[in-house]
Amino acid sequence: MSKDYKDSLCLPKTQFPMKANLTTREPQIIEKWEKEGLYGKIMEARKDAPVFAFHDGPPYANGHIHLGHALNKILKDIVVRSRILMGNKVYYRPGWDCHGLPIELAVEKEHGKKVHGLDIHEFRNFCKGYAEKYIDIQREEFKRLGLLGDWENPYRTMEFDYEAEIARSFIECFLKGYVYKGLKPVQWCIRCQTALAEAEVEYEDHASPSVYVAFPFEVEERAKWPEALKGFDASAVIWTTTPWTLPANLAIAFHPDFTYVAIKTKDRVYVVAEELMEIFLRETGVSGTVEGKFKGKELDRLYFRHPFYDRKSVGLLAQYVTSEQGTGCVHTAPGHGQEDFISGLKYGLEILCPVDGKGNFVEDLPLFGGQNVFEANQKVIQLLKDKHALLKSSTVHHSYPHCWRCKNPLIFRATKQWFISLEHDNLRRRSLEAIEKVQWIPAWGRNRIYGMIENRPDWCLSRQRKWGVPITLLSCDKCGEWVKDRKFFDNVVKAMEERGAGVWFEADPSGFLPENFACPKCGGKKFNAEQDILDVWFDSGVSHKAVLGKNPDLPWPSELYLEGSDQHRGWFHTSLLTSMILDDKAPYKSVITHGFTLDGQGRKMAKSMGNVIPPSEVTKKYGAEVLRLWVSMVDYRDDVRLSWDLLNQNAEAYMKIRNTIRYLIGNLNGFDPEKDKVPVEKMLEMDRYILYLFNRLIPKVVKAYDDYAFHIINRELLQFCTVTLSSFYLDIIKDRLYCSGEKSVERLSAQSVLYLVLVKMLKLMAPILPFTAEEAWGYLYGENAAPIHAEVFPEAFVEEDPAVIERWDKLREVRETVNKALETSRQKGEIGKSLEAKVVISVKDGGALSLLKQYEKILPEVFIVSQVEVLEGEDPVVVVPLEGAKCPRCWNVPVGFVKAGEDELCPRCAEVISKLS
RNA sequence: GGGCCUAUAGCUCAGUUGGCUAGAGCGCACGCCUGAUAAGCGUGAGGUCGUUAGUUCAAUUCUAACUAGGCCCA
Numbered sequence: 000m001s002k003d004y005k006d007s008l009c010l011p012k013t014q015f016p017m018k019a020n021l022t023t024r025e026p027q028i029i030e031k032w033e034k035e036g037l038y039g040k041i042m043e044a045r046k047d048a049p050v051f052a053f054h055d056g057p058p059y060a061n062g063h064i065h066l067g068h069a070l071n072k073i074l075k076d077i078v079v080r081s082r083i084l085m086g087n088k089v090y091y092r093p094g095w096d097c098h099g100l101p102i103e104l105a106v107e108k109e110h111g112k113k114v115h116g117l118d119i120h121e122f123r124n125f126c127k128g129y130a131e132k133y134i135d136i137q138r139e140e141f142k143r144l145g146l147l148g149d150w151e152n153p154y155r156t157m158e159f160d161y162e163a164e165i166a167r168s169f170i171e172c173f174l175k176g177y178v179y180k181g182l183k184p185v186q187w188c189i190r191c192q193t194a195l196a197e198a199e200v201e202y203e204d205h206a207s208p209s210v211y212v213a214f215p216f217e218v219e220e221r222a223k224w225p226e227a228l229k230g231f232d233a234s235a236v237i238w239t240t241t242p243w244t245l246p247a248n249l250a251i252a253f254h255p256d257f258t259y260v261a262i263k264t265k266d267r268v269y270v271v272a273e274e275l276m277e278i279f280l281r282e283t284g285v286s287g288t289v290e291g292k293f294k295g296k297e298l299d300r301l302y303f304r305h306p307f308y309d310r311k312s313v314g315l316l317a318q319y320v321t322s323e324q325g326t327g328c329v330h331t332a333p334g335h336g337q338e339d340f341i342s343g344l345k346y347g348l349e350i351l352c353p354v355d356g357k358g359n360f361v362e363d364l365p366l367f368g369g370q371n372v373f374e375a376n377q378k379v380i381q382l383l384k385d386k387h388a389l390l391k392s393s394t395v396h397h398s399y400p401h402c403w404r405c406k407n408p409l410i411f412r413a414t415k416q417w418f419i420s421l422e423h424d425n426l427r428r429r430s431l432e433a434i435e436k437v438q439w440i441p442a443w444g445r446n447r448i449y450g451m452i453e454n455r456p457d458w459c460l461s462r463q464r465k466w467g468v469p470i471t472l473l474s475c476d477k478c479g480e481w482v483k484d485r486k487f488f489d490n491v492v493k494a495m496e497e498r499g500a501g502v503w504f505e506a507d508p509s510g511f512l513p514e515n516f517a518c519p520k521c522g523g524k525k526f527n528a529e530q531d532i533l534d535v536w537f538d539s540g541v542s543h544k545a546v547l548g549k550n551p552d553l554p555w556p557s558e559l560y561l562e563g564s565d566q567h568r569g570w571f572h573t574s575l576l577t578s579m580i581l582d583d584k585a586p587y588k589s590v591i592t593h594g595f596t597l598d599g600q601g602r603k604m605a606k607s608m609g610n611v612i613p614p615s616e617v618t619k620k621y622g623a624e625v626l627r628l629w630v631s632m633v634d635y636r637d638d639v640r641l642s643w644d645l646l647n648q649n650a651e652a653y654m655k656i657r658n659t660i661r662y663l664i665g666n667l668n669g670f671d672p673e674k675d676k677v678p679v680e681k682m683l684e685m686d687r688y689i690l691y692l693f694n695r696l697i698p699k700v701v702k703a704y705d706d707y708a709f710h711i712i713n714r715e716l717l718q719f720c721t722v723t724l725s726s727f728y729l730d731i732i733k734d735r736l737y738c739s740g741e742k743s744v745e746r747l748s749a750q751s752v753l754y755l756v757l758v759k760m761l762k763l764m765a766p767i768l769p770f771t772a773e774e775a776w777g778y779l780y781g782e783n784a785a786p787i788h789a790e791v792f793p794e795a796f797v798e799e800d801p802a803v804i805e806r807w808d809k810l811r812e813v814r815e816t817v818n819k820a821l822e823t824s825r826q827k828g829e830i831g832k833s834l835e836a837k838v839v840i841s842v843k844d845g846g847a848l849s850l851l852k853q854y855e856k857i858l859p860e861v862f863i864v865s866q867v868e869v870l871e872g873e874d875p876v877v878v879v880p881l882e883g884a885k886c887p888r889c890w891n892v893p894v895g896f897v898k899a900g901e902d903e904l905c906p907r908c909a910e911v912i913s914k915l916s
């Protein structure tokens, strides 16, 4: 029985725990970062460095963060951290969007009826408190993900100076002539006499009249009619469930690509869409024959006679015309419907709305003046019947919008609203031109936002709400002229800076007028103040004004915006428009979008589906690093999937990386880089080979950071750890590390590689795995070392020898063949571990033969076998199980033994032992 | 219904301007090791490249339609 030689080996040794215990360790590291002021230290270290301007899009201050937030903010954090390691100064100032309807609704829900009794200031205070509460909650949730930034000083759209900036920006838009007041249909409750937002609408079953109405073609234009109609006096038939809107009818919409048919009955000719003809005939009981067909586009701008007023109704084309119900000829009243309104704008129609806030027709409306709209339904139907315009009248039950407060049915009613004109000063065209100058990542983002800006209607800015920044305009009571006095606006903005946007509601805003101000138009002295507030999209849309350019570290324009792809319609869009108005330039140079988070099956995450994974549960179960690793694994430009299964996969990948790091640290035990580092040119060739491979990895990873292609980094780092290091290099050098003399050149050479790789690799992964990088950094350099997060990325650091790389790539191929042969032998039960084998390689190819001959001495090490013989011949690889005794120290089966004390050891071990004593 | 986008092994990704038997890692299966041990190593099985048509000598790659999914409109 030979003695135990374990003590004579240099086995890996470290306190770096194998078990990450992220759920408890991460919060400790975060606390440490805060305590030592890590972010301040980094900013200090980059004091004179070039600034990378990055602007945070503000999440809405409502509710807990969800996975989408986590994805977004972790991506941003990887950007921030990687740019810092590229040597830039990056000031990340997080923001929150604080105003708006969802918070108002939440406050109303929270406080119940009590809220209705509150005056506007008390109500706004409740809203403010609510937003603050959720900012605090979200801030903690974000910090838990390891996000680096100025969390003590975020920007908040409800901050007084921010509110003042919103007002100032709006005033600029107004004074530059972009802002006008126009009509727009909104959901309206005639009982509460108020506009309702979509979120306040409840859909319930409702019984409505259903009528088919004929609109005769204008006979005077017969020449322009489709051929099929020319011989007849034809009528287009519309279908509606709101007969009371017929007095406001100004148009009939057709689908340009639908086929329409002329149906001849015994006394008239009706036009309906071919696809809906059958339903039409069945519903109305009309019978007739098809006399001809034509496309909807032939009806563009033809005129029809209104069934009971002496006026025309124009034919227009619209994509929204459906072939699922109705007749394919859609009654259009621009004052009473969203789509009707859009079409009305497009065709230059009046936004006619002869209905007041109580739901009564205005007094001067012929035939129905003063009547309630719902009660007027039957009278309209009767009138249609009298005019022989009614084909059929019945009742339908369908889902219809109701007021969530009083539960009464709503109507669509045009109301006066403030708009930003897309045409004023060529805003639309200039914006489109600006889009071309921005780099969109991925590239299709350009098409998406371009199409939206190209086709969007004017921006409706006003909301009949309380929690927001008021539209600070006054109109003359006498002549209606809007006050454009600079001094007045300055006073308003100044007051807001001091006391917040609420000042507008405190007293009569006329008080902000200069003394003795009179209307320049009529000399009037009495003014009325607007009570509406601004769309919250305007708030966040001017963040570039309120946040950028006020601090040298956060300049305007921003280098980068990074948000979900829904923001092409949202923040990117509104920011662009306001910036074009205010500065005639986009506020960003490049824009990155990421996709949405879906479940493991690629389905949307929803409470009702039970597939929601809250970030807090991920950090609780796995830790932020695992979530961050997931973010870096997926190609975020497309939608991304997350499931517990996927997290598990990432937890294992994390363990692989962590164990590799741990092993490197463990084997560097006792290694003093100052004294022990072997210069590259004196290293063993295999060690240099690994260094070359790692050397190639560095620029690849740094470039991927620069390109924001994080999933490439994930793959490259993980593969380097598993393939190059763990299964190849580390496995091979075990013998050298453990069994060679502690300070032998063989061992120090390998340790030098481990050291270089570890230090540089930690920096490369620090943006993705900041906690782990920091933890390992501490084991290398001690707890008080300069933080890894203020380091810079490594650069390629050795001159590669391509011949070495080529030779070793080839040797690795041979190694694979040898492994297959060993496995076969193992399956046969001839050997267990590979050290029990001798390998005989026979090759014919001259080049390969000389290569193997050249390396014959170290091949046992490379293949992790005891002996290797290289022959010229045809048999590729023969595995010979070795029966002989193994060296009790290194477990190799040597060709010959050497006496060392009481035992026989292999020559190498004998020498090492002899030097020990 | 419209605009934009996506679809390659169970999962996450590669696949240069169309051209060898479509790759990797993970997972899985089987095995080895017990001196990285709640670790490490080896081997292997998995793909009609969403479907269908078209262009071409040749299509995962180009075109169209369809299907499924996502975002934004309506």
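Residues 0 to 916 (numbering that gives the first Met the number 0) are what the first sequence spells out, left to right.
Ideal Cβ positions, reconstructed from N, Cα and C, are used throughout, including at glycine.
- In this structure, the CA atom of A517 is about 5 Å from the CA atom of K524.
- In the DSSP secondary-structure assignment, P208 is bridged to T394.
- Each residue's CA atom was taken as its position, placing N425 and H335 some 29 Å apart.
- Contact fails between the stretch 264-282 and the stretch 417-433, because fewer than three Cβ pairs, one in each stretch, are under 8 Å apart.
- Going by beta carbons, L717 and A652 fall inside the 8 Å limit.
- Scanning the stretch 539-627 from its first residue to its last, the whole alpha helix (DSSP H) runs of 4-plus residues come out as 542-545, 570-582, 614-620.
- Cβ contact annotation for E203 (same chain, cutoff 6 Å, sequence separation greater than five): H401, in chain order.
- The beta-carbon separation of R640 and G599, rounded to 6 Å, stays under the 8 Å limit for a contact.
- Residue environment analysis places Y780 among the exposed positions, since fewer than 16 neighbouring C-beta atoms fall within 10 angstroms of its C-beta.
- Non-local beta-carbon contacts of I170 in its own chain, meaning distances under 6 Å to residues more than five positions away in sequence, involve F488 in chain order.
- Residue pairing by DSSP places S841 opposite L870 in a beta bridge.
- Only exposed fits E201, as fewer than 16 other CB atoms lie within 10 angstroms of its CB.
- T241: not part of any alpha helix (DSSP H); DSSP gives it neither H nor E.
- Looking at the DSSP output, Q416 sits in a beta bridge with G181.
- No Cβ-Cβ contact shorter than 8 Å links M608 with N713.
- By the CB criterion at 8 Å, L10 and D76 fall outside the cutoff.
- W555 and I419 have their C-alpha atoms some 23 Å from each other.
- In this structure, S557 places its C-beta atom within 8 Å of the C-beta atom of Y587.
- By alpha-carbon distance to I189, the top candidate from S916, F373, L755, F537 is F373.
- Burial check for Q750: the Cβ neighbour count within 10 Å reaches 16 or more, so the residue is buried.
- When only Cα atoms are considered, L848 and N666 end up about 35 Å apart.
- Across the structure, Y59 and G284 are spaced so that their CA atoms are roughly 54 Å apart.
- When beta bridges are read from the DSSP output, P469 appears opposite I532.
- Straight across, the Cα-Cα distance linking E33 with S615 is about 20 Å.
- Annotated as proximal: N649 and L628, with beta-carbon spacing under 8 Å.
- Look at the stretch 875-911 and you find these whole runs of beta strand (DSSP E), each 3 residues long or longer: 876-880, 897-899, 902-904.
- For A69, the uninterrupted alpha helix (DSSP H) segment begins and ends at 66-84.
- By the C-beta density criterion, W443 is exposed, having fewer than 16 other C-beta atoms within 10 angstroms.
- Runs of the beta strand (DSSP E) lying entirely within the stretch 435-501 and spanning at least 3 residues, in chain order: 438-440, 473-475.
- If you compare the alpha carbons of V838, G828, D800 with that of N818, the shortest gap goes to V838.
- The Cβ atoms of G295 and H254 lie closer than 8 Å to each other.
- By the C-beta density criterion, C908 is buried, having at least 16 other C-beta atoms within 10 angstroms.
- According to the DSSP secondary-structure assignment, D96 is paired through a beta bridge with Y59.
- The three-state reading of DSSP puts G665 in helix, counting H, G and I together.
- Nearest Cα to S509 within the set F526, G501, P519: F526.
- Note on Y319: under 16 other CB atoms within 10 angstroms of its CB, so exposed under the neighbour-count rule.
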